[in-house]
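Encoded as structure tokens, the structure appears first; notes follow it.
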Amino acid sequence: MAYRGASAAFPEHSVGAYRAAMEQGAQFVECDVVLTKDLVPICRHESNIADTTNVLLGAHRHGWGLGASSNGTQVFAADLTLAQIKQLRAVFPGTVPTAATAAQAGADGEAKGQCDMDAAAGSCAAPWSGAAEPKAAGEGAAVARAETCKWDGATGGAAVGGGPAAYTPACSESVPSGADELASPAYEVATLEELIWMSMASRGPAVGVALHIQAAAWHNAHPVLQPRLAAASTTFEDILLQLLNKYGYAAGPYGSEAWRQRPTYIMAFEAKSLQYLAQRTNAPLTLVLGPTIPDTGETWDSATSEEGLRRIATYAQSLAVARQSLLVPAGPAVAAVAEAAGEAGGDGGLAASPVLARMRQAGLQVFASVFKPAAGHLLPGAASWEQEIVPLLTAGEQLPGGGGDAEAAPAEGQEQKLLFSQRHALGIDGLFADSPGMLKQVYDKYACRD
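Be aware that the sequence shown starts at 1, since it is given in UniProt numbering, and climbs by one per residue.
Structure follows, in structure tokens:
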């Protein structure tokens, strides 16, 4: 699964990140979903977009008045319309301007859309008034341009959902060398619908959509969004389900023909959000499990007990879990097996935690997140990201009840593939990675062997 798209190559959740993920062979692409002021689902990790877009510069340049929930360091998608969002560009975290540098850029006439990288600038009060309504100037042009860039008419194709089946984001092509890269539509913030279009139009096997609902309770109670949701007799969850259904997604359980044609997982941190959805769809639902379940307060230890996992299985079919919660230092026997096979492991290596076996034995699929090849992201005990990935793919050989003999090293000349013969019994079902092309190479090397 491509973590927020190919987010090592392009800013997360941008049109370019999703396009690159599909070109790199991702089987699924992840969209963390939040709502705009006009109730359009967009792909952002959280509603505060100040760290992942150039919104501070854009708000000052366009003179937008933002809602009371926004300030000099936080700007929420819920206070902006889609037209305003489409005037922004996604950026890598840590490269965004502060309110002070945004104001200076405006004063200097530097309206090129580039971020001020001066980390020493500090922050100050927001240079806009929270009382005024956003200005409409330029918004119509932004929406019109977005519509033009959505479809490449030259590709032809049957009409699907109001547009050609072959979605090629022609406007996301790289800009000429020397030009402002943020001017490229590859850096546009993607909507969920745009991601669906790209997924449907991809060549080869169907590309799935892993939709992660961000803070459903917060959205449903937000002072700007709640009146609009009430007027439409809907909820955040209903909006997402309706959009998925429009394109044939969330139309059947995991493994069904309908699911294979339009693969999707609907994920959330909040148990109540998934319980609500479980009454409205038979599509696979995924609980994103951290130290606590935020809306119930249930702790990790309680949720991952046999009783807790049985409870989760009443409304979800899978779990998404941080990789560090599924890995432990390898014992000598497990490390010896891996080392003898010439693979990841050995002294100081990692092995799957017994909690993974409990999750699988409860009938839940398990997805691990997030894997990055960068050395600075590796866990202690791992010299490469393969040493994090392989133990989770081969957990059936390491864990009690997995059918493997972790105490016995393979016989001389034994084929490497025997180490992985029972990996599907208790290993993970999928990985989130910011470099899907590199992950595919690892996955092909290990998980796809007979």
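C-beta: ideal position from N, C-alpha, C; glycine also. Here the structure is a predicted model, which means the values were calculated and not measured.
Anticipated Cβ contact below 8 angstroms, residue i with residue j, distance rounded
i, j, result
"residue 84", "residue 440", "No, residue 84 and residue 440 are not in contact; Cβ-Cβ is about 36 angstroms, not under 8 angstroms."
"residue 215", "residue 47", "7 angstroms"
"residue 382", "residue 388", "5 angstroms"
"residue 18", "residue 434", "About 13 angstroms separates the two Cβ atoms, so there is no contact after all."
Beta-carbon proximity of residue i to residue j, cut-off 8 angstroms
i, j, result
"residue 366", "residue 356", "yes"
"residue 22", "residue 184", "no"
"residue 11", "residue 52", "yes"
"residue 327", "residue 379", "yes"
"residue 362", "residue 289", "no"
"residue 237", "residue 273", "yes"
"residue 49", "residue 75", "yes"
"residue 212", "residue 30", "yes"
"residue 254", "residue 284", "yes"
Collapsed DSSP secondary structure at residue i in the structure displayed
i, result
"residue 443", "helix"
"residue 11", "coil"
"residue 42", "strand"
"residue 390", "helix"
"residue 370", "strand"
"residue 255", "coil"
"residue 248", "coil"
"residue 430", "strand"
"residue 232", "coil"
"residue 219", "helix"
"residue 262", "coil"
"residue 385", "coil"
"residue 224", "coil"
"residue 324", "helix"
Per-residue burial, residue i [other beta carbons within 10 Å of its own, 16 or more giving buried]
i, result
"residue 386", "buried"
"residue 306", "exposed"
"residue 260", "exposed"
"residue 318", "buried"
"residue 427", "buried"
"residue 130", "Unreliable placement is indicated for residue 130, whose pLDDT of 29 sits below 50; the coordinate value is still reported in the next sentence. So residue 130 ends up on the exposed side."
"residue 391", "buried"
"residue 257", "exposed"
"residue 528", "Outside the shown range of the chain (1 to 450) lies residue 528, about which nothing can therefore be said."
DSSP beta-bridge partners of residue i
i, result
"residue 267", "212, 286"
"residue 32", "212"
"residue 458", "Only positions 1 to 450 of the chain appear in this structure, which leaves residue 458 out of reach."
"residue 90", "53"
"residue 365", "318"
"residue 76", "48"
"residue 292", "299"
"residue 191", "42"
"residue 2", "29, 433"
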